[in-house]
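See below for the structure under consideration.
2 protein chains.
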Amino acid sequence: MKLLLTNDDGIYAEGLCALYNALSLEHEVYIVAPEAERSAVGHAITIHYPLRVTKVKRGKKFWGYAVSGTPADCVKLALYELIGPVDLVISGINRGANVGINLVYSGTVSAATEAKILGYPSLAVSIDAYEDVDYCFAANFIAKFLDVLKDLPLNKPFCLNINIPNGNPSKIKGIKFVKQSKARLKEVFEKRFDLHGKAYYWQGAEEHTETDEDTDVLALKQGYITITPIHFDLTNHNSLKILKKHNLNFNLDF
Amino acid sequence: MKLLLTNDDGIYAEGLCALYNALSLEHEVYIVAPEAERSAVGHAITIHYPLRVTKVKRGKKFWGYAVSGTPADCVKLALYELIGPVDLVISGINRGANVGINLVYSGTVSAATEAKILGYPSLAVSIDAYEDVDYCFAANFIAKFLDVLKDLPLNKPFCLNINIPNGNPSKIKGIKFVKQSKARLKEVFEKRFDLHGKAYYWQGAEEHTETDEDTDVLALKQGYITITPIHFDLTNHNSLKILKKHNLNFNLDF
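Taken in sequence, the protein lines are chains X and V. Start counting the first sequence at 1; every next residue gets the next number (our numbering). Start counting the second sequence at 255; every next residue gets the next number (our numbering).
Below, the structure written as structure tokens:
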């Protein structure tokens, strides 16, 4: 397969490198990734500044294109300009899980969503750890997963969000197809003061409040590799159906 | 009502000012908005830098809080820290329509979505023009719309994406509840060279390719005020249902 790899941790991230190493023997692999970390940028795109592209080498060999923009910029620029059509776009391997509400903020997931928007199948891949991350198992899992991908009942362009537990692979309980959790995050803001006495705020999310075991949040916590098919249909169709039946008496002459 | 106003055009934007003027006589209105333009930032949040907050005056009177972050940051910071609970969050009035695929990239819409995530009802309001924008009619429309909002069959927290045609109000054909268009955008990248001979790329979207009249894109073009109820459920439930029935034969011992 002709593969495009990207991420939101930047072109020098270990997760991207692990994925390249696991996939480049059997596939034709291209890399277009942000020049530096762009996490939590959501589906931001760069329209007020031009994008710069730098060729990055590993050793003496060309390795990939570093882009001065966001993950979504990378996917657009790769598919329209730098690489052209591919068979599959893979975003990751992200350091830290991308489950539940966090999908909305995730650059990793947005890159995969962007591929689907442009008509290409895609995977977003994340690993559930920030320290002592075992990218090797996750990368090898994705390599094996590509072999079974064609047998899955999926319409193109699909977009799968994959999260992988960290640690001892023999403790992984299996693979589960689950929905995105929509449970609230426990969030915190902390007000601090700089050396000049001026206030600033840090924000952070503490924990998911999910209790439904059929969600990505809990299945991952329980030790499963989770797979969630993603779309970008933001219409609340149930609500729309009800609103359409409503007789809105509204005079626009005011 | 206690209202929180925000936007992605920045706290000094005319659309925000028009909204404030139209709403502040009858409602308790608070403003927390980006210190400068933050359009096309999607649902980005700021977690790697602290957020700064500046009080902004108009004349001698306190006007609102300017935040060094994104629209989604503003909503979080306002509801958690600066203002507390409100009855409704309104994001806008945005210069330029937010319909179709562009919802994914829109800071205006993401601010409203963020309110819904946090459990608050919200409106995203945009006007379909970049030049000679008549914010006055749109702001007055929203003021009138707030009176009928309680009669609409909506479960809280709802999020409505509202787009308003520009120009002669008497030519507006009515209000239409429609779905988000998912049609591809015609996009362009243009490669240019700077004064040092180094390449850079501009990206831009040209036109929607939509043909379905029951979408926000076409209804707005035809002269309707469009209203689309928005959710943040990214799971493709149809695909998930099919995947769950699939017997995935996958050996994790490799």
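For glycine and all other residues, C-beta sits at the position ideal for the given N, C-alpha and C. In this text, all values refer to a predicted model and were calculated from it rather than measured experimentally.
Under the three-state DSSP convention, the category phenylalanine 395(V) falls into
Collapsing the DSSP output to three states places phenylalanine 395(V) in a helix.
Going by the DSSP bridge assignment, what does threonine 480(V) pair with across the sheet?
In the DSSP output, where bridge partners are listed per residue, threonine 480(V) has Asn417(V), Lys430(V).
Does DSSP put threonine 260(V) in a helix, in a strand, or in coil?
strand
What number of angstroms, rounded off, separates the C-alpha of histidine 450(V) from the C-alpha of arginine 52(X)?
CA-to-CA, the gap between histidine 450(V) and arginine 52(X) works out to about 13 Å.
For the region 58 to 65 of chain X against the region 89 to 102 of chain X, are there 3 or more C-beta pairs whose distance is under 8 Å?
no
For valine 340(V), go through chain X and note every residue whose CB falls closer than 8 Å to its CB, in chain order.
Within chain X, no residue comes near valine 340(V); the closest Cβ sits about 16 Å away, beyond 8 Å.
Leucine 252(X) to tyrosine 478(V) span [Cα, whole Å]:
Going from the Cα of leucine 252(X) to the Cα of tyrosine 478(V) covers about 11 Å.
Is the region 136 to 146 of chain X close to the region 15 to 31 of chain X, with three or more CB pairs under 8 Å?
yes
Using a cut-off of 7 Å between C-beta atoms, extract the partners of phenylalanine 189(X) located in chain V.
In chain order: Leu331, Tyr334, Glu335.
For asparagine 94(X), list the residues DSSP reports as bridge partners.
Ser126(X)
For chain X, check one thing: does any of its Cβ atoms lie closer than 7 Å to the Cβ of arginine 292(V)?
Chain X has no Cβ within less than 7 Å of the Cβ of arginine 292(V).
Quick check on alanine 298(V): does DSSP put it in helix, strand or coil?
coil
By the criterion of Cβ-Cβ separation under 8 Å, what are the contact partners of alanine 287(V) in chain X?
What alanine 287(V) touches in chain X: nothing, since even the nearest Cβ is about 15 Å away.
Within chain X, partners of serine 500(V) - CB distance below 9 Å
A small fix is needed here, since residue 500(V) is histidine in this sequence, not serine. Simply Asp151, Leu152, Pro153, Phe177.
Taking the alpha helix (DSSP H) that threonine 362(V) belongs to, which residues open and close that run?
Residues 361 to 371.
Interface residues of chain X facing asparagine 417(V) [CB-CB closer than 7 Å]:
Within chain X, no residue comes near asparagine 417(V); the closest Cβ sits about 14 Å away, beyond 7 Å.
So, does the CB of threonine 226(X) fall closer than 7 Å to a CB anywhere in chain V?
no
Do threonine 235(X) and threonine 367(V) have their C-beta atoms closer together than 7 Å?
One thing to note: threonine 235(X) has its Cβ no nearer than 7 Å to the Cβ of threonine 367(V).
According to the Cβ coordinates, are leucine 77(X) and valine 67(X) closer than 7 Å?
yes
C-beta contact flag for proline 121(X) and lysine 144(X) at 7 Å:
no
Are the C-beta atoms of glutamine 476(V) and some chain X residue less than 7 Å apart?
no
Using the C-alpha atoms, what's the distance from histidine 485(V) back to serine 239(X)?
9 Å
Grouping DSSP H, G and I as helix and E and B as strand, with all else coil, what is isoleucine 101(X)?
Collapsing the DSSP output to three states places isoleucine 101(X) in a helix.
Please report how far the alpha carbon of asparagine 166(X) lies from the alpha carbon of asparagine 140(X), in whole angstroms.
13 Å
With glutamate 464(V) and leucine 472(V) assumed to form a contact (beta carbons below 8 Å), what rounded beta-carbon distance in angstroms separates them?
That belief holds up - the Cβ atoms of glutamate 464(V) and leucine 472(V) are roughly 5 Å apart, short of 8 Å.
How big is the Cα-Cα spacing for alanine 115(X) and phenylalanine 254(X)?
45 Å
Under 9 Å from the C-beta of tryptophan 317(V): neighbouring residues of chain X:
The contacting residues do not exist; tryptophan 317(V) stays about 19 Å from chain X at best.
Would you mind telling me which residues of chain X sit closer than 8 Å to proline 483(V), beta carbon to beta carbon, in chain order?
Thr235, Asn236, Ser239, Leu240, Leu243
Within 10 angstroms of its Cβ, does alanine 290(V) collect 16 or more other Cβ (buried), or is it exposed?
exposed
Taking C-beta pairs closer than 9 Å, name the residues in chain V that phenylalanine 158(X) reaches, listed in chain order.
Asn490, Ser493
Can threonine 70(X) and arginine 38(X) be called in contact, C-beta distance under 7 Å?
yes
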